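Each remark here refers to the structure printed beneath this line.
Chains as they are written, first to last, in full-length UniProt numbering: chain A, 1 to 411; chain B, 1 to 411.
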């Protein structure tokens, strides 16, 4: 996009990654937690990075989340983030907590940092102790690099039942300087607690204080990561971390900065892209479902209704069955607990209007089935005709493979 | 049980039905809404019966629910209840409402009753107009009887995707008189809105005023029908109706009557039995899951935690996979929103303790798998060690057949 005057444009960076923002290196290796695939990765920043993070709302939180929160509390900065997959280090009590400290200390030593500049996180099976010797041996082999391949290696190292890596990168201009936001995620089942699930790591080179970054991330998370559902479960290990290196040399971003909106939108686009990639790769999924609700009492209720629809097993099964089943959609609306006028709801599936003012309207089943067969993303639009609230949510269809994966995973 | 002094005993009546309590007749016929199977039924009482009812909390309510509520409002009594399956008469607007009135009026005429002593209800596909000519023609053929076969005919007439009929009967003694409570239900998917789902009709010969009966039913529903889940969806047509003929000739039951507890328990046993039968016949289910939560802050939170566990797709999939996956159970506990101590939770599956004070304990996977393979009912017990609250919930496993049934139902 270059250093033009169009500061408010947000552009997708093709093949961009967590290494596109200035100041970051990454790596991913096989440390022996999985049989063959990569299972240990790290992101390092040249300088202590401003950090923001959001954590699972599950009252059962895994040990590494506690240790990471302690790290961040010291000076709201981190310089390294180390992740293992295959084992969540959750429900592992005092020993699990000690293992997380050991993992953090080994990483700090490897990278020559104080402990509190290191965040640790784990994803995988719950209730088994971390094979800490393998983890520390692996950490001693971590050699982050800024080559393109390093981002991919990191992406691979954090996967569990995911079928693809998930990454994104967007750029904008702040104070005439290019600011990049790169991100990576793992999810697959959103959420299968046994895999201790949704993780996302975002890098940026923006100059921004932790408190403002946290404000933006919390707000954006509510509109993106918190709007996806695969099975409605919330894991013990969910975490999103944003690191800001500050090497873009813009004036510090605050909500009153003239380019705040551009930065906010760039971060939001990155998070929305990762969210959609996670939903699309839901366990066993064949389709991404996007629900858009307009006319709600407010944006929050719109999001709640959208999420209720996209989380309904019946709607999800119908999408798998390529069935334009608006009856299940209106039912989900009816039990969302939000303000509705039961006599005045519109529903369309793709370009096919199926319900208008709560009255079924004749539509071509053939056309609707063709849409649901051909498209990879199924769009469900609802107008509640109550007020002006708008919101989106994303999910996936419920398939035989979801049952197969989750009936068979642990054994 | 006879007229003994053990007034507080509640006994199951083998092969008892809605016709066991004195004063009731029933029938079920094929009226042409389904291709071959029975699709129209009625329960009639010799006298106007005290009535209590609970309805779906879905904001979208089907037309017959509105008409039934109007009937009951007049004098809190009904004498006839007419049900059709195959079509829910939901989301059908003004025409649907007129159809429900027509259905009520035709029934009143057939049985020689004023309109307001007739309740009507429908279950089946949403958003299609009731074939009202077939329904009224069918009503003119209804000839209720008190023979045993008549209860079965009624039971069959209200089914949709259910694989079995569901009925129960319990008795107790009130004032030295035998009081019976009989019940019938349909469910299968709890709930698949497109089938407009959970219906239950209960008869009793107890002498009891509507207001006291309503009080008992509302309280019991919270501990029984509201504690089952197949897929978490709540239909537009859910309804439970209790009719009390008063022919047992006991002194009127009120909460201060010495045998109130016995009657309450009898009604509760009947409702719990029907609830479990509905959960066990969940779409595609191979197992009934019963979750018992003790040590919660109060009974309400215990029930909420139990329902969160039994409603988790991951727990349901694990049961199908015969996997003693306590990690998914503790996750569900963690996001229940109830008061817990994350460090002090016990979980057992059947006789196998899997977690004690939130620490995984070594158990025989073989023994656990054998239990989950051999038993038809899988019992999950949780102790939260917070206070004394206790509650139960019921559900079923999530299977390939659930997906098959719901991906393919409408088309």
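Where is the CB? At the ideal position from N, CA and C, for every residue including glycine.
Values in this document were obtained by computation on a predicted structure and should not be read as measured data.
- Residue environment for residue 205 of chain B: buried (at least 16 other C-beta atoms within 10 angstroms of its C-beta).
- With a cutoff of 8 angstroms on beta-carbon distance, residue 236 of chain A and residue 88 of chain A are scored as near each other.
- Annotation: residue 346 of chain B is outside any alpha helix (DSSP H); the continuous beta strand (DSSP E) that includes it extends over 346–349.
- Around residue 58 of chain A, the beta-carbon contacts reaching into chain B at under 8 angstroms are 331, 334 and 335.
- Any Cβ of chain B closer than 8 angstroms to the Cβ of residue 398 of chain A would place that residue at the interface, and such an atom is present.
- The CB of residue 84 of chain A never comes closer than 7 angstroms to any CB in chain B; the least such distance is about 17 angstroms.
- Boundaries of the alpha helix (DSSP H) harbouring residue 94 of chain A: 93–111, taken from the DSSP string.
- When DSSP states are grouped into helix, strand and coil, residue 55 of chain A belongs to the strand group.
- At a cut-off of 8 angstroms between beta-carbon atoms, residue 403 of chain B makes contact with chain A.
- Residue 382 of chain B and residue 227 of chain B have their C-alpha atoms spaced approximately 16 angstroms apart.
- Straight across, the Cα-Cα distance linking residue 317 of chain B with residue 355 of chain B is about 20 angstroms.
- The residue from A:161, A:102 and A:275 with its alpha-carbon nearest to that of residue 224 of chain A is A:275.
- Collapsing the DSSP output to three states places residue 13 of chain B in coil.
- When secondary structure is reduced to three states using DSSP, residue 117 of chain A falls in the helix class.
- Close partners of residue 326 of chain B in chain A (Cβ separation under 9 angstroms): 91, 126 and 127.
- A straight line joining the alpha-carbon of residue 132 of chain A with that of residue 303 of chain B spans about 39 angstroms.
- For residue 364 of chain A, no chain B residue has a C-beta closer than 9 angstroms to its own C-beta; the minimum C-beta separation is roughly 13 angstroms.
- Classified as buried, residue 38 of chain A has 16 or more neighbouring CB atoms from the shown chains inside 10 Å of its CB.
- Between the segment 390–399 of chain B and the segment 381–397 of chain A, the count of Cβ pairs shorter than 8 angstroms is below three; the stretches do not touch.
- The residues 30, in chain order, have a CB closer than 8 angstroms to that of residue 36 of chain B in the same chain once the five nearest residues on each side in sequence are set aside.
- Here residue 117 of chain A is not near residue 90 of chain A, since their CB atoms are 8 angstroms or more apart.
- Short of 7 angstroms from the beta carbon of residue 162 of chain B, and not among the five residues preceding or following it, lie these beta carbons of its own chain, in chain order: 186, 187, 188 and 281.
- When B:157, B:213 and B:180 are compared, the shortest CA-CA separation from residue 199 of chain B is found for B:157.
- Sequence-distant Cβ neighbours of residue 270 of chain B in its own chain, meaning closer than 8 angstroms and more than five residues away, are 168, 169, 170, 181, 182, 183 and 202.
- For residue 42 of chain B against residue 63 of chain B, the beta-carbon gap comes to about 18 angstroms, at or over 8 angstroms, which does not count as contact.
- DSSP places residue 377 of chain A in the strand class (E or B) of the three-state scheme.
- Of the residues A:365, A:172, A:385 and A:336, the one whose Cα lies closest to the Cα of residue 357 of chain A is A:385.
- Taking 8 angstroms as the cut-off, the Cβ atoms of residue 292 of chain B and residue 336 of chain B do not count as close.
- Residue 378 of chain A has a beta carbon lying at 8 angstroms or more from every beta carbon in chain B.
- When C-beta distances to chain B are compared with 9 angstroms, the residues of the segment 40–66 of chain A below that value are 56, 57, 58, 59, 60 and 61, in chain order.
- The shortest CA-to-CA distance from residue 367 of chain A to any of A:143, A:345, A:322 and A:264 is the one to A:322.
- Cβ neighbours of residue 95 of chain A within its own chain (closer than 8 angstroms, five residues either side excluded): 129.
- Residue 142 of chain B and residue 28 of chain B have their alpha carbons spaced roughly 8 angstroms apart.
- Residue 360 of chain A reaches chain B at 91 and 127, counting residues in chain order whose Cβ is nearer than 7 angstroms.
- In the three-state reduction of the DSSP assignment, residue 219 of chain B falls in the helix class.
- Residues of chain A with a Cβ closer than 9 angstroms to the Cβ of residue 297 of chain B do not exist, since the nearest Cβ in that chain sits about 13 angstroms away.
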